[in-house]
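Residues in the sequence shown are numbered from -19 upward in steps of one, following my numbering.
Below: the structure, in structure tokens.
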Amino acid sequence: FLMDVLHNAMKMDLGPMNAVVDFSFLNFSVLVFFFCVLLMVGVSKVTAPASEEKIEEVIQNLRERNAVWEPVDRPVQFDDMATFDVESTFDGEPYVTQKGAGYTVTAGRQEPIPGFPEALVGIGKGETKQFSLSYPDDWDEEEQRGKVANFTITVTEVKARQLPEPNDDFAKTVGDYETFAQLREKVATDLKTALERQAQDTLEMQVLDGIAARNKTNICIIICSATANTPTIGCRHTGTPNSRAASKSIS
């Protein structure tokens, strides 16, 4: 395992610059030195399985992404989709007039005016409600500040988001799964792989930090620019207070 980690650490992708640390040109005795350094670093790899809480979180996100709007026989609540006919005036002039308007009733929503979604809550299908709302004094549109809008709303339909049940049918809609158990197993496997990759990346960085902290010689790296195909070689001086890097292009 340590040799695999050392091998990966010696050829590691360093990110957007596509920099690769390459110690393959070093002779065996120097490699043994780096191996001893690795033993001294004392880092560990975490391979614990994903928690049940994290698995449930991913499953819940999948259910929400596949939710559908279904009609419900009750008054409007927050997070519903309300369909209504609206007539309104603003500052005594005709404002919004529309039939069959669809509106997601989200608490705190500012359109078309602050307080509008809150005023819709409790209206049942077929019911009409009249209400007035004022634009706040710090409203973005200066000409609307402090002015009143009057609304007449008749709700024609109320829909709620229905999350699919976590069963075999749901799993089939998400991907190439026959059962929900297969979907759950795949989620757990993917999460574990991601955790292992994250732990491996952390380990490799710790190994390289340990090597750099203990090595008193030059560490040569090959950097391939992300914007050019011309490799650049550079020697990074480590272990001294006045460390600096120099590089030149390879033609």
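For glycine and all other residues, C-beta sits at the position ideal for the given N, C-alpha and C.
May I ask you to list the residues that DSSP assigns as paired with T69?
Paired residues: P74 and N130.
Is L171 near V38, with beta carbons less than 8 Å apart?
Closer than 8 Å, so yes.
Do you know whose CA, among K139, R177 and N41, lies nearest E145's CA?
E145 has its Cα closest to that of N41, out of K139, R177 and N41.
Just curious, the beta strand (DSSP E) that K109 is in, first and last residue?
From DSSP, the beta strand (DSSP E) with K109 extends over T108 to S114.
Alpha carbons only, please: which of R125, T84 and T69 is nearest the one belonging to T132?
If we check each option's Cα against that of T132, T69 comes out closest.
Skipping 5 residues on each side, what residues in its chain have a beta carbon closer than 6 Å to that of D148?
Same-chain partners within the cutoff: T159 and F160.
Taking Cβ positions only, does F111 come closer than 8 Å to chain B?
Among the chains of the structure shown, chain B does not appear; only one protein chain is present.
Considering only C-alpha positions, which residue in the set R43, F58 and A30 is nearest to K139?
Minimum Cα distance to K139 is reached at F58.
Straight-line CA distance for K79 to L163?
Each residue's Cα considered, the two are about 43 Å apart.
So what's P51 in DSSP terms, helix, strand or just coil?
Residue state, collapsed to three classes: strand.
Taking R54 as the reference, give the member of R125, V101, V66 and E176 with the closest Cα.
It is V101.
Can you give me the start and stop residues for the alpha helix (DSSP H) that N41 sits inside?
E32 to R45 is the extent of the alpha helix (DSSP H) around N41.
Can you tell me the Cα-Cα spacing of T63 and W119, whole angstroms?
In a straight line, the C-alpha of T63 is about 27 Å away from that of W119.
Only counting the same chain, and skipping five residues up and downstream in sequence, which positions put a Cβ closer than 6 Å to that of L11?
Reliability of the predicted coordinates at L11 is poor, the pLDDT of 49 falling under 50, and the value obtained from them is presented with this limitation in mind. Result list for L11: empty, nothing under 6 Å.
What's the call for P246, buried or exposed, on a 16-neighbour Cβ count within 10 Å?
With the chain covering only -19 through 231, there is no way to say anything about residue 246.
Give me the Cα-Cα distance between L175 and I35, rounded to the nearest whole angstrom.
Their backbone Cα atoms lie some 13 Å apart in a straight line.
Whole-angstrom Cβ separation of V56 and I103, contact assumed at under 8 Å?
Right, their Cβ atoms sit about 5 Å apart.
Is the Cβ-Cβ distance between S114 and V128 less than 8 Å?
Yes, these two residues count as a Cβ contact at 8 Å.
Let me check you understand the geometry: is the CB of A129 closer than 7 Å to at least one non-hydrogen atom of the ligand HEM?
By its list of ligands, the structure shown contains no ligand whatsoever, and the ligand HEM lies outside what it can speak to.
Indicate whether A47 and R141 have their beta-carbon atoms separated by less than 8 Å.
Contact: yes.
Please report the Cβ distance between M61 and G95, rounded to the nearest whole angstrom; I am assuming they are in contact, meaning their Cβ atoms lie under 8 Å.
Actually they are not in contact, since the Cβ atoms of M61 and G95 sit about 19 Å apart, beyond 8 Å.
Suppose you measure from the CA of T77 to the CA of K105; what does that come to, to the nearest Å?
Approximately 19 Å, taken between the alpha carbons.
To the nearest whole angstrom, what separates the beta carbons of L143 and E44, a pair I think is in contact under 8 Å?
With 8 Å as the limit, L143 and E44 qualify as a contact, their Cβ atoms being about 6 Å apart.
May I have the straight-line CA-CA distance separating E73 from N130, to the nearest angstrom?
Roughly 10 Å between the two C-alpha positions.
What does the alpha-carbon distance come out to for the pair D71 and E165?
Approximately 60 Å between the Cα atoms of the pair.
If we ignore side chains and look at the alpha-carbon of each, how far apart do T84 and A151 end up?
Their backbone Cα atoms lie some 28 Å apart in a straight line.
F111 to A99, Cα distance in whole Å?
Distance between the alpha carbons of F111 and A99: 7 Å.
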